[in-house]
Structure formats: C-alpha cells, structure tokens
Amino acid sequence: MTEVVKIEKMTFGYDDTMLLTDVDLTINQGQFWGIVGPNGSAKSTFLKLILGLIKPNAGSCQLLGTPVHEFKQWSKIGYIPQNVREFNMGFPATVEEIVSANLISQMGILKWMTETHKNKLKEALEIVGMQDYAKRQIGKLSGGQQQRVFIARTLVNSPQVIFMDEPLVGVDFESQEKFYALMEKLNQKMGITLVMVSHDVGVISERTSHIACMGNGKIYVHDSQAFRPEEYLESIYGEKTKIVHHNH
4 MTEVVKIEKM
14 TFGYDDTMLL
24 TDVDLTINQG
34 QFWGIVGPNG
44 SAKSTFLKLI
54 LGLIKPNAGS
64 CQLLGTPVHE
74 FKQWSKIGYI
84 PQNVREFNMG
94 FPATVEEIVS
104 ANLISQMGIL
114 KWMTETHKNK
124 LKEALEIVGM
134 QDYAKRQIGK
144 LSGGQQQRVF
154 IARTLVNSPQ
164 VIFMDEPLVG
174 VDFESQEKFY
184 ALMEKLNQKM
194 GITLVMVSHD
204 VGVISERTSH
214 IACMGNGKIY
224 VHDSQAFRPE
234 EYLESIYGEK
244 TKIVHHNH
C-alpha cells in the first residue's frame with residue numbers, strides 16, 4: 004500500500020508548552036482519516052506540520068514518499084483550511100472564477116483557459132453538484148454550497164489527497180449529509196485519500212476508516228470500526244460524559 008503521509012518522531016511546541024511529543028503516524032493511499040481531540044490538542048497545528056506550513060522541533064514528515072521540505076508536487080495535495088470561507092460576502096467573484104483560480108499555474112504566460120482547463124472546471128463542479136451555480140457569486144451561496152465550491156477548487160488539480168480542517172463548522176445538518184455523501188464518492192469511487200479534522204467525534208467515527216485521537220501530546224490511532232466514542236470522551240472529559248444521538 005502506498006504511503007501518502009509518513010510521520011516519524013515528530014515533536015512540536017512553543018516555549019515551555021509541548022503540543023506533540025515523538026508522534027508516529029502513517030496514512031496510506033485510499034484511506035479516510037478523522038482527526039479528533041479536545042480544544043487545544045493541536046489538531047489544526049498537526050495539519051500544518053504535515054503540510055510543511057510550520058516546522059516541527061524534531062522529527063520528520065514525508066508526503067508521497069518525499070520529505071515535506073523537499074516536496075514540489077503540490078497539485079497532488081488539496082488543503083481546505085478552517086478560514087477558507089471567511090471572506091467579504093460581497094466579494095464579486097463567481098463560483099467558476101473561484102474554482103478556476105486553482106488552474107492559474109497551468110495556464111501559461113497569458114493565463115488563458117484552454118478547452119482542457121474548461122473541461123476540468125466543468126468536471127469538478129459536476130462532481131460536487133454545483134454545475135448549475137457556475138455564474139453565481141460565491142457570497143450569495145449557503146455555507147454548505149460554499150464548502151462544495153472550495154472542494155471543487157481542489158479537485159480541478161486531480162489531487163491524490165485532500166486535507167480538511169473543520170469543514171463543517173457552521174454548516175446545517177442537511178448540508179452535512181450531502182458533504183459526507185460527497186466524501187464517500189471522492190474516497191471510495193475516485194480513490195482520493197481524505198484527512199479531516201472534526202470536533203464531532205460520534206459522526207466522524209461512523210464515516211471514516213481510521214480515527215486519530217489527539218491529547219496529552221500524543222496521537223492514538225484506531226480503526227473506526229473498533230473505535231468507541233463513549234470510551235474516548237470519558238477518558239478526556241470524565242465518566243459522566245454522554246453522547247447525545249440526534250435522530251433526524
């Protein structure tokens with residue numbers, strides 16, 4: 004199985020506060036990982052370390068077999084950060100402009116879209132079900148629709164892996180269901196490796212193949228089928244913790 008991410012002995016912290024200590028983790032091609040943990044457990048920081056946006060104090064990370072500080076094939080990597088939808092709602096950019104912006108590096112000196120680029124744009128929007136909104140301004144869409152647009156923006160480069168940091172914050176239940184249906188399509192039908200930070204331990208453990216629990220400077224890995232959310236929450240928050248199941 005091809006290793007998409009390989010982390011060895013990674014340590015990271017600020018001043019006297021260590022957030023990660025001697026962490027090892029391997030993510031293989033075609034897997035869907037959920038990363039969970041209490042506030043302050045460095046979930047977002049962990050994604051940034053994987054992507055080389057910040058450097059660890061010690062240890063190493065490889066992306067697709069290459070040390071991250073030497074990695075050049077960024078079109079194969081998709082990253083949707085927490086703040087991706089924090090923009091001026093009146094920003095006059097259409098859906099197709101937002102998505103096609105990720106093709107600029109492929110357009111050459113004159114930055115013209117060829118038929119190949121247009122077909123990539125069309126295909127990405129069709130995959131996420133947003134083809135009918137191509138001319139709509141991004142600020143006039145719902146949170147769930149915006150999230151699908153930014154996924155399409157990643158898909159135009161045919162990535163092998165997509166990293167997502169809390170993509171469902173502020174998204175309603177119906178849109179969340181559509182999101183997970185899309186994730187299943189990307190992962191199981193298209194073979195894209197997915198890595199997603201989430202605060203919703205119960206739901207993500209039912210949707211992913213693997214769970215990485217962060218806490219106390221460590222990462223504890225579970226197969227999702229064997230993961231018990233109740234036991235995990237008790238270990239973090241105490242014995243009186245209960246999961247509330249919502250039947251919609």
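Mapping of the sequence shown onto the numbering used here: residues 4 to 251, in sequence order.
By construction, the Cβ of each residue, glycine as well, lies at the ideal position given by its N, Cα and C atoms.
- DSSP, reduced to helix, strand and coil, places Asp18 outside both helices and strands of the structure shown, so it counts as coil.
- Taking the Cα positions, Lys143 is about 24 angstroms away from Gly81.
- Within the model, the alpha-carbon separation for Glu209 versus Phe35 is close to 11 angstroms.
- Unbroken beta strand (DSSP E) runs of no fewer than 3 residues, entirely contained in the segment 52 to 99, are found at 61 to 66 and 80 to 83, following chain order.
- The Cβ atoms of Ile57 and Ile101 do not sit closer than 8 angstroms to each other.
- Per DSSP, Thr157 is one residue of the alpha helix (DSSP H) stretching across Gly146 to Leu158.
- Burial of His213 is indicated by the presence of at least 16 other C-beta atoms within 10 angstroms of its C-beta.
- In this structure Ala215 is buried. Its beta-carbon is surrounded by 16 or more other beta-carbon atoms within 10 angstroms.
- Its Cα nearest to that of Lys138, the residue Val152 stands out among Val152, Gly37 and Gly43.
- Counting only the Cα atoms, Asp18 lies some 43 angstroms from Val98.
- If you ignore the 5 residues before and after Gln163, its C-beta comes within less than 6 angstroms of the C-beta of Lys79, all in its own chain and listed in chain order.
- Cα atoms of Lys181 and Thr29: separation of roughly 28 angstroms, rounded to the nearest angstrom.
- Note that the C-beta distance between Ala61 and Lys12 is below 8 angstroms.
- Sequence-distant Cβ neighbours of Met167 in its own chain, meaning closer than 6 angstroms and more than five residues away, are Ile83 and Met199.
- With contact defined as three or more Cβ pairs closer than 8 angstroms, the segment 169 to 176 and the segment 190 to 205 are in contact.
- Taking C-beta atoms under 8 angstroms as the contact rule, Val39 and Gly55 fail to qualify, at a distance of about 23 angstroms.
- Residue environment for Ala155: buried (at least 16 other C-beta atoms within 10 angstroms of its C-beta).
- By the criterion of a C-beta distance shorter than 8 angstroms, Pro59 is surrounded in its chain by Met13, Thr14, Phe15, Leu23 and Leu52, once the five residues flanking it on both sides are discounted.
- Assigned with DSSP and collapsed to three states, Glu169 falls in coil, not helix or strand.
- If you look at Ile207, you'll find it in the alpha helix (DSSP H) that goes Val204 to Arg210.
- Leu158 is the residue among Leu158, Phe176 and Lys221 whose C-alpha sits nearest the C-alpha of Met193.
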